[in-house]
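J.: Structure provided below as structure tokens; questions to follow.
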Amino acid sequence: MDKFVIEGGERLKGTVRISGSKNAALPLLAATILHKGVYNIGNVPRLRDVTTMARLIGVLGGSVEWVNDQTLRVDSRNVENYIAPYELVKEMRASVLVLGSLVGGLRKATVSYPGGCAIGERPINLHLKGLSALGCEVKIREGYVDVVAKNLRGSKVYFDTTTVGGTENILMAAVVAKGETTIYNAAREPEVVDLACMLKRMGAKIEGEGTGVIRIKGVDSLTPCDYEVIPDRIETGTFLVACGITRGNITIEGCIPSHVKAVTDKLKEAGMDIVEDQNTIKASMFNKRPISVDVKTIPYPGFPTDMQAQIMALMTIAKGVSATTETIFENRMMHVAELRRMGADIKVIGNTAIVKGVKVLSGAKVMASDLRASASLIIAGLAAYGITEVSRIYHVDRGYESIEKKLRELGAKIVRRKDENMGS
Ligand code: EPZ
């Protein structure tokens, strides 16, 4: 296993280009199973989760290959297998996104029931409620979900809570269902909109994507298409926070500023100067200490849960006291214990962390527990006095493309090393 060794104290300066969005690429790749054909998907980030999804499409009978640095060619013409095995689903919960496309493409799916993960139980009851509403027969057997759609028909789907994956799965099944489907309390995330855009390019009839009510008119057939993944808004936010904590001055290229409005708004409140252009954000802390600001995570367009750990790292050295409240996942505070080891003053009460800003963190050996907690510890290490070692960085490799290279190009002192204490 690898670790990052970071020597803190360097102010980030220069330009960084954002990669394609992990959370858009995964459903887009799953959607290629909806209709047998050849698809070129561009701006795909080279991430472990993307490799896992490509392996899953391979297991189902498709083939996936990189045709250049960022483009995947997917050939789903031979997809006949409808079983997504435990071995792959346990590696990546987002494998469950093939549920909707297998039902839409093959009218049946057997997908290993995804377990929880570090941040929470993460049930899929709403995905299954939606598929049942579309006329599917859903059974849970020996750790697998069996779905058979003898007659896939449009319906009204009410989500008790907003679910990104649930909205994406129902979208993919509904586009070829007979009749009209309306999804109420649909997720509004840009990644859902990106999936809807690709499905429309394939011939689907969808309205209202990006709002809480999405209407789909089922069509008899779809066609394959080429598509380009949107930039990663969470990577964008992560670099903005890294700039803030090091009191740096960076330009972020190839991003969509409107997708990170909640984050840039919060960072402006914390004292960051932010200038946005079409696909660029210029950010500067002018060597100032950030001001403590309160954050509450809610579904898009609110402050994203995937940025909660990162902004908390910034708050550990801010001036004042702040409250960070996590409302989406029940266990997304595991970065707190590790930040405390670096000298942060954080008290967790329920799902709220009270952070009292300290002047400076001290470098320490810390351990990543999940993807965004890893990002938080890297960010803290960039500003901490001395050396920080972040172990178990396979979590980072799931969701950030070449993060250490990008940070080094901005002046950070960060290297990847073998972690002799953590076995191979
Ligand atoms: C997506 O996960 C993202 N992953 C997550 O990003 C992100 O944190 C999350 O959306 C929320 O924005 C991908 O897109 C691959 P949800 P998803 O269904 O779809 C509950 C990252 O770091 N729920 O919107 O699994 C659930 O337990 C990852 O990149 C049910 O109760 O999230 C959670 O509390 C982490 N029943 C809440 O809804 C269901 O059937 C939101 O989950 C489904 C969800």
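Take 1303 as the starting number for the sequence shown in the working numbering and just add one per residue. All residues carry an ideal CB built from backbone N, CA and C; glycine is no exception.
Just the Cα atoms here: how many angstroms apart are Ala-1506 and Gly-1364?
T.: In a straight line, the C-alpha of Ala-1506 is about 22 Å away from that of Gly-1364.
J.: Is Val-1466 a contact residue of ligand 1, with contact defined as CB to any heavy atom under 8 Å?
T.: It does: the Cβ of Val-1466 is within 8 Å (strictly closer) of some heavy atom of ligand 1.
J.: Tell me where the beta strand (DSSP E) around Tyr-1460 begins and ends.
T.: It spans 1458-1460 - the beta strand (DSSP E) in which Tyr-1460 sits, taken as one unbroken run.
J.: If you run the structure through DSSP and keep just helix, strand and coil, what is Met-1303?
T.: Residue state, collapsed to three classes: coil.
J.: Is the Cβ-Cβ distance between Ala-1666 and Ala-1620 less than 9 Å?
T.: It is not a contact, given that the beta carbons lie outside the stated cut-off.
J.: Please work out which residues of its chain come closer than 8 Å, Cβ to Cβ, to Tyr-1687, disregarding the five sequence neighbours upstream and downstream, and give them in chain order.
T.: Once the five neighbours on either side are set aside, the close Cβ partners of Tyr-1687 are Gly-1310, Gly-1311, Val-1662, Leu-1663, Ser-1664, Gly-1665.
J.: When you compare only the Cα positions, how much space is there between Lys-1441 and Thr-1412?
T.: Taking the straight line joining both Cα atoms gives about 9 Å.
J.: Run the proximity test for Ala-1396: is its beta-carbon closer than 8 Å to any non-hydrogen atom belonging to ligand 1?
T.: At least one heavy atom of ligand 1 is nearer than 8 Å to the Cβ of Ala-1396, so yes.
J.: In three-state DSSP terms, what is Asp-1699?
T.: Looking at Asp-1699 - three-state DSSP - the assignment turns out to be helix.
J.: Do Ala-1544 and Leu-1709 have their C-beta atoms closer together than 9 Å?
T.: Yes.
J.: So does the region 1526-1533 actually touch the region 1636-1643, counting three or more Cβ pairs closer than 8 Å?
T.: Taking 8 Å as the limit for Cβ pairs, the verdict is that the region 1636-1643 does not touch the region 1526-1533.
J.: Per DSSP, Met-1669 is paired with what?
T.: Answer is Ser-1693.
J.: Is Ala-1620 helix, strand or coil by DSSP?
T.: Coil, per DSSP.
J.: Once DSSP output is grouped into helix, strand and coil, what is the label at Ser-1726?
T.: The predicted position of Ser-1726 is uncertain, since its pLDDT is 47 and thus under 50; no value can be drawn from it.
J.: Whole beta strand (DSSP E) runs in the region 1312-1388 with 3 or more residues, listed along the chain?
T.: Entirely contained in the region 1312-1388, the beta strand (DSSP E) runs reaching 3 residues are, in chain order, 1315-1319, 1340-1344, 1365-1368, 1374-1377.
J.: Less than 8 Å separating the Cβ of Asp-1496 from some heavy atom of ligand 1?
T.: Not under cutoff, so the answer is no.
J.: Rank Ile-1651, Thr-1317, Pro-1592, Glu-1444 by C-alpha distance to the C-alpha of Leu-1415 and give the top, closest one.
T.: Reading off the sequence, residue 1415 comes out as Tyr, not Leu. Closest by alpha carbon: Glu-1444.
J.: May I ask whether a heavy atom of ligand 1 can be found less than 8 Å away from the beta carbon of Ala-1451?
T.: Incorrect: Ala-1451 has no Cβ contact closer than 8 Å to ligand 1.
J.: Might you give, ordered along the chain, the residues of its own chain that have their beta carbon closer than 6 Å to the beta carbon of Ser-1678, omitting 5 neighbours on each side?
T.: Closer than 6 Å at the Cβ level, and outside the excluded window around Ser-1678, lie Ala-1611, Gln-1612, Ala-1615, His-1637.
J.: Is it right to say Met-1303 is buried, meaning 16 or more other beta carbons lie within 10 angstroms of its own, or is it exposed?
T.: Label assigned to Met-1303: exposed.
J.: How would you label Pro-1601, buried or exposed, when you count the other beta carbons within 10 angstroms and need 16 or more for buried?
T.: Buried, by the Cβ-count rule.
J.: Helix, strand or coil for Val-1531, going by three-state DSSP, please let me know.
T.: Three-state DSSP puts Val-1531 in coil, outside helix and strand.
J.: Distance, Cα to Cα, Val-1459 vs Thr-1599?
T.: Rounded to whole angstroms, Val-1459 to Thr-1599 spans 25 Å at the Cα level.
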